[in-house]
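Residue numbers (our numbering): -13 to 324.
Structure first, commentary second.
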Amino acid sequence: MKILVTGAAGFIGFHTARSLLDRSDVVVGIDNLNSYYDPALKLARLQILKRFQNFNFLQLDIADRASMEDVFRREGFQRVIHLAAQAGVRYSIDHPHIYIESNVAGFLHVIEGCRHNAVEHLVYASTSSVYGANTNMPFDVQQCADHPLTLYAATKKANELMAHSYSTLYDLPTTGLRFFTVYGPWGRPDMALFLFTKNILAGKPIDVFNYGHHRRDFTYVDDIVKGVIAALDKVAMPNPNWNSIKPDASTSRARYRLYNIGNQHPVELMEYISILEKKLNKKAKINLLPMQLGDAPDNWADVETLVQDVGYRPTTTVDVGVGHFVDWYLEHYHQDVK
């Protein structure tokens, strides 16, 4: 298939594009290569993707309507995986306009491109952050998620609602994937595992919020990618049993689906740090701090609908996944652990 992957130079986008290329799909990747974090890491990811003959990269911004219209019209994509977005829960507190431009207007340009160019299926990234103030765990994708705690989460919830409207109005199959705390090799430098590893190796303290009482459903990136591709291959269909009196939030009479992708095994943050210390053979200097604005104390995914519908369940343990990240980090940044 010919597949568009937006955010192809990003963490999850890179891994997704590489897996599609490995199975001989034709992939067009787009990314604006912004400086939210070090562009050198994005360029290094792209260098790997460019080794594949069936990969083509275009540097453009999904918020650029004219460029997006031109790409869709020219390329004739069969399916689309939309992973480009302004990331970062905390960054959205101080930079709200960027999130509306990228995550709302940009999403509109992608879904309009799908609508007008006969795209067979749109799969897009949502987030566990949409559960917001909800504390009924594990988070079930069929339950209400209408109380986001940050603008980032609100923009992702908006994407889900926009997708439902397009699935209803234009019979466009859409599948949204709520990712839970993704980590692994080539990860983002602003995320906890990367920051912790960097500081521990440098002998600097790590900031641990909520005094370390967070629990997170840490999900290894390869598990995320397998779920993304499994969802892509199973085109969203209507739910014939959908009941408007007792509506299932994850399905519809339209060709619309929502899924959680998480490890389904939440881990205490201090345990996560302990595993990292063992892999690095070095103790962390820990700076315990109160909970940050916009943070939720815990997350925990119920992934049973993903298992039932696409036949895939994440399986990588945190011990294994953190080990893979550490191996990559030490090699990529040429560091030795004594």
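Every residue, glycine too, gets a C-beta built ideally from N, C-alpha and C.
Residues bridged to residue i (per DSSP)
i	result
residue 107	65
residue 254	201
residue 271	191
residue 164	112, 246
residue 169	206
residue 284	201
residue 0	Answer is none; residue 0 lacks a bridge partner.
residue 125	287
DSSP three-state assignment for residue i, whether helix, strand or coil
i	result
residue -12	strand
residue 15	strand
residue 43	strand
residue -6	coil
residue 132	coil
residue 313	helix
residue 91	helix
residue 38	coil
residue 99	helix
residue 325	A question about residue 325 goes unanswered here, because the residues of the chain that appear run from -13 up to 324.
residue 144	helix
residue 298	coil
residue 158	coil
residue 265	helix
residue 213	helix
residue 81	coil
residue 52	helix
residue 319	coil
residue 174	coil
residue 76	coil
residue 278	coil
residue 224	coil
residue 28	helix
residue 238	coil
residue 151	helix
Buried versus exposed, by CB contacts within 10 Å (16 or more), residue i
i	result
residue 100	buried
residue 78	buried
residue 11	buried
residue 138	buried
residue 297	exposed
residue 209	buried
residue 233	exposed
residue 146	buried
residue 231	exposed
residue 226	exposed
residue -8	buried
Residue closest to residue i, alpha-carbon to alpha-carbon, out of the options
i	options	result
residue 93	102, 110, 81, 106	110
residue 182	-8, 90, 259	259
residue 286	166, -8, 256, 26	166
residue 159	138, 66, 300	66
residue 190	115, 14, 271	271
residue 219	240, 161, 225, 229	161
residue 23	90, 172, 123, 89	172
residue 0	45, 222, 69	69
residue 123	157, 201, 88	201
residue 340	261, 194, 267	This structure cannot settle anything about residue 340, because the visible part of the chain is limited to -13 through 324.
residue 240	247, 290, 224	224
residue 316	199, 212, 186, 145	186
residue 331	34, -9, 279	In the structure as shown, the chain starts at -13 and stops at 324, and residue 331 therefore has no counterpart that could be examined.
residue 178	-9, 28, 14, 311	311
residue 313	281, 273, 293, 264	264
residue 302	293, 295, 251, 117	251
residue 245	180, 184, 215	215
residue 86	44, 117, 136	136
residue 319	254, 175, -13	175
residue 105	131, 254, 156	156
residue 277	44, 261, 46, 199	199
residue 204	151, 184, 261, 226	261
Rounded Cβ spacing between residue i and residue j (contact assumed at less than 8 Å)
i	j	result
residue 103	residue 63	7 Å
residue 207	residue -3	7 Å
residue 153	residue 242	4 Å
residue 97	residue 148	6 Å
residue 127	residue 236	4 Å
residue 49	residue 3	Contact flag wrong, Cβ pair sits at about 21 Å.
residue 125	residue 288	6 Å
residue 238	residue 164	So it is not a contact: roughly 16 Å between Cβ atoms.
residue -11	residue 6	6 Å
residue 170	residue 74	About 18 Å separates the two Cβ atoms, so there is no contact after all.
residue 248	residue 300	7 Å
residue 142	residue 229	26 Å between Cβ atoms; not a contact.
residue 41	residue 13	5 Å
residue 51	residue 95	5 Å
residue 213	residue 108	16 Å between Cβ atoms; not a contact.
residue 28	residue -5	4 Å
Contact with chain D by residue i, beta-carbon distance below 9 Å
i	result
residue 166	Protein chains in the displayed structure number just one, and chain D is not present.
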